[in-house]
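What the sequence shown shows, in the working numbering, is residues 7 to 493, in sequence order. Have a look at the structure below before the remarks.
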Amino acid sequence: MDTNLAILLSMAIPLAASLANLALRDRANLRDGLTLTAAVATFGSVLVVLANTGGSSDETLALITVFPGLDIAFRVEPLGMMFAIIASGLWIVTHIYGVGYMRANKEENHARFFAAFSFAIGSVMGLAFSANMFTLFVFYEFLTVSTYPLVAHKGTPEAIRGARIYMGLLMGTSVVLLLPAVIWTYTVAGTLDFTRGGILAGNIAGWAVPVLLGLYAFGIAKAALMPFHRWLPSAMVAPTPVSALLHAVAVVKAGVFTMLKVGIYIFGIDFLAETGASEWLMWVAAYTLIAASVIALTKDNLKARLAYSTVSQLAYITLGMALATSMGALGGGLHIATHALGKITLFMAAGAIYVATHKTNVSQLDGLGRRMPLTFFAFMIGALSIIGLPPLAGSWSKWLLILGAADTGQLVMIAVLLISSLLNIAYLLPIVGRGFFLPAPDGEQGGFAEAPLLVWLPPFLTALGAIALFFWAGDVVAFLTPITVTP
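Quick look at the structure:
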């Protein structure tokens, strides 16, 4: 299959699945089966792109010319290729989980739910293969709009309020901060093409460099830097498959992916290092990293605790970019993959607990691990990966970030990363400990109580993926290494 056709199919197939869900709203089995087929076909299209290009290509597919030098265009590069593989691959698992969760929990409006879900995946594919910042911005906004009905899905006052905060913060920061940054970049550089080594060196200098970086950093609110993080815990009112989509497959990963793209291909790592323009961003990321972990410690609601964990973990990736070293950028890129597998496991396990027991708080989980051993095993593996314990994937990305900080002599940042891992232990492992080692409340002694197969199996599989990625991490880093090499 031609590479350009495969790229277009990776976006068109999810869109077709979105329309099919609406057209087949009354035929649940056919609708869900076709969507699963679409997920597999999308992943297959992405693999065709990988096979044809090896993850990088100089060929650009330009669809629409808006202004001279400003196109809706697509190109393959390693970071976007990795993101496309993660998002399309995890869509398969998340769809299976979503079907099981929505049916077991007797949620309503399945067709609308999976239509919006599919459209969101198509937006991610466009974002991943974007050849320039303009194209990325367009698909970034498509992703925001398509996920709004998912956050508001339950239709309760709490869900509507959470969805309004979600939409208001994400759209507001895009219009007020990110769009001016994109326009400013085009004005000074004459292009928005993603270019190894960046496009701003020699075109902007002095105070303007950190100011422009600030517009990007806070305008990319999907990266959840404090104080523009509130949308993420507010969105936890959505069904758990949406939480998995937000935290692992699409939204937050789109944010930190965009952050890395801006740092590597718009500013350039060397330019950031020479100007010191990203030093302030290191401190903002470090504060977010620690503060969100401390807040997570105070949350009894399981999904809220995991939400603040995500805010903290995303800051690792922003910190990697802000270190302005090759090792930091590679650590940030790898952390996109390791966090995706770890966090999707945690959220799906939390959803499995809810489906089986309707328990939502950490304080309610005593003894439940002995009744739901498969779910709690998956949760434990996801937690240990997020913490960064070998032999789990998260250990490698954290190690690379520490090396990146060491490269620049940032001893405080090394301390921040290590303290954060200790805080990860403090807010994640008690969940596992309660489940396996504390006695169950009176009247809840019982036998096997796992959720239905389609609900517990996906997090079990992604937990195994977190183990497997530990051994493949070197290949991922080698795959990403060209993004840090200036031509």
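Beta carbons are placed, not taken as given, at the ideal position from N, Cα and C, and that holds for glycine. Since we're looking at a predicted model, the values are computed, not measured.
To test your reading of the DSSP string, which unbroken alpha helix (DSSP H) runs of 4 or more residues are found completely within the segment 8–69? Restricting attention to alpha helix (DSSP H) runs no shorter than 4 residues, the segment 8–69 encloses them at 9–29 and 34–59, ordered along the chain.
Assigned secondary structure, residue 356 (DSSP; H/G/I helix, E/B strand, else coil): Three-state result, residue 356: helix.
Rounded Cβ spacing between residue 346 and residue 96 (contact assumed at less than 8 Å): That pair is a contact at about 7 Å.
Threshold first: 4 residues or longer. Then list the alpha helix (DSSP H) segments lying entirely within the segment 223–306, N to C. Complete alpha helix (DSSP H) runs here, min 4: 237–240, 246–250, 257–267, 275–281 and 285–304.
Out of 217, 146 and 210, point me to the one whose CA is closest to residue 226's CA. Distances from the CA of residue 226 to each of 217, 146 and 210 were compared; the closest alpha carbon is that of 146.
Over what stretch of residues does the alpha helix (DSSP H) that includes residue 166 continue unbroken? Segment 163–179, the alpha helix (DSSP H) holding residue 166.
For the 8 Å Cβ check, are there 3 or more pairs between the segment 373–385 and the segment 418–433? They do not touch, by the three-pair rule.
Near residue 441, which residues of its chain fall below 8 Å by C-beta distance, leaving aside the five closest residues on each side in sequence? Once the five neighbours on either side are set aside, the close Cβ partners of residue 441 are 371, 372, 373, 374, 375, 376, 378, 382 and 385.
Check residue 217 in the structure and name its three-state DSSP category. Helix.
Just to check my reading of the structure: residue 188 and residue 176 have Cβ atoms closer than 8 Å, yes? What is that Cβ distance to the nearest angstrom? So it is not a contact: roughly 16 Å between Cβ atoms.
Around the Cβ of residue 350, are there at least 16 other Cβ atoms within 10 angstroms (buried) or fewer (exposed)? Within 10 angstroms of the beta-carbon of residue 350 lie 16 or more other beta-carbons, which makes it buried.
Near residue 186, which residues of its chain fall below 7 Å by C-beta distance, leaving aside the five closest residues on each side in sequence? Its chain contains 221 as the residues whose beta carbon lies nearer than 7 Å to that of residue 186, once the 5 sequence neighbours on both sides are disregarded; these appear in chain order.
Which partner residues does residue 430 have in the DSSP bridge list? Per DSSP, residue 430 has no beta-bridge partner at all.
My output table needs one value for residue 325: the three-state DSSP class, helix, strand or coil. The answer is helix: DSSP assigns residue 325 an H, G or I state.
Check each candidate in 291, 59, 437 and 425 and name the one with the smallest Cα separation from residue 338. Minimum Cα distance to residue 338 is reached at 291.
Report yes if the C-beta distance between residue 302 and residue 398 is below 8 Å; otherwise report no. No, Cβ-Cβ distance for residue 302 and residue 398 is not below 8 Å.
Reducing DSSP to helix, strand and coil, say where residue 199 ends up. It is a strand residue.
Would residue 309 be called buried (16 or more neighbouring beta carbons within 10 Å of its own) or exposed? Buried, by the Cβ-count rule.
Do the segment 46–60 and the segment 80–99 touch if we need at least three Cβ pairs shorter than 8 Å? Flag = yes, the segment 46–60 and the segment 80–99 touch.
Let me know if residue 228 comes out buried or exposed under the rule of 16 or more other beta-carbons within 10 Å of its beta-carbon. Looking at its Cβ environment, which holds 16 or more other Cβ atoms inside 10 Å, residue 228 is buried.
In three-state terms, what does DSSP make of residue 82? Note: residue 82 maps to coil in three-state DSSP.
Can you tell me the Cβ-Cβ gap for residue 410 and residue 331, rounded? I've got them flagged as a contact below 8 Å. Indeed they touch by this definition, with Cβ atoms about 5 Å apart.
Taking the alpha carbon of residue 299 as the point to measure from, which residue in 307, 315 and 126 has its own alpha carbon closest? Of the residues 307, 315 and 126, the one whose Cα lies closest to the Cα of residue 299 is 315.
Own chain, CB closer than 7 Å to residue 237, minus 5 neighbours either side, in chain order: Within the same chain, and ignoring the five residues on either side of residue 237 in sequence, the residues whose Cβ sits closer than 7 Å to its Cβ are 171, 172, 175, 176 and 227.
Round the Cβ separation of residue 283 and residue 219 to the nearest angstrom and send it over; I've been treating them as touching at under 8 Å. With a Cβ gap of about 5 Å, residue 283 and residue 219 count as contacting.
Shortest alpha-carbon distance to residue 270 belongs to which of 419, 38, 492 and 59? For the options 419, 38, 492 and 59, the alpha carbon positioned closest to that of residue 270 is the one of 492.
Candidates 287, 242, 10 and 343: which alpha carbon is nearest residue 305's? Checking every option, the nearest Cα to that of residue 305 belongs to 242.
Touching by the beta-carbon criterion (3+ pairs, under 8 Å), the segment 352–360 and the segment 457–473: Between the segment 352–360 and the segment 457–473 there are three or more C-beta pairs closer than 8 Å, enough to call the two in contact.
By Cβ distance below 6 Å, which residues in the same chain neighbour residue 333 in space, the five residues on each side in sequence not counted? Excluding residues within five positions, the ones whose Cβ falls inside 6 Å are 406, 409, 410 and 413.
Work out the CA separation of residue 128 and residue 118 for me, nearest whole Å. Per the coordinates, the alpha-carbon of residue 118 lies some 16 Å from the alpha-carbon of residue 128.
In angstroms, rounded to a whole number, what distance separates the CA positions of residue 342 and residue 259? A direct Cα-to-Cα measurement between residue 342 and residue 259 gives close to 7 Å.
Output yes or no for whether 8 Å exceeds the beta carbon distance between residue 204 and residue 296. The Cβ atoms of residue 204 and residue 296 lie no closer than 8 Å to each other.
Boundaries of the alpha helix (DSSP H) in which residue 155 is found, first to last residue: Here the alpha helix (DSSP H) through residue 155 covers 139–157.
Quick check on residue 112: buried or exposed, where buried means 16 or more other Cβ atoms within 10 Å of its Cβ? Classification for residue 112: exposed.
Could you compute how far the alpha carbon of residue 167 sits from the alpha carbon of residue 178? Their Cα atoms are separated by approximately 16 Å.
Boundaries (first-last residue) of the alpha helix (DSSP H) holding residue 455: Per DSSP, residue 455 belongs to no alpha helix (DSSP H) and is neither H nor E.
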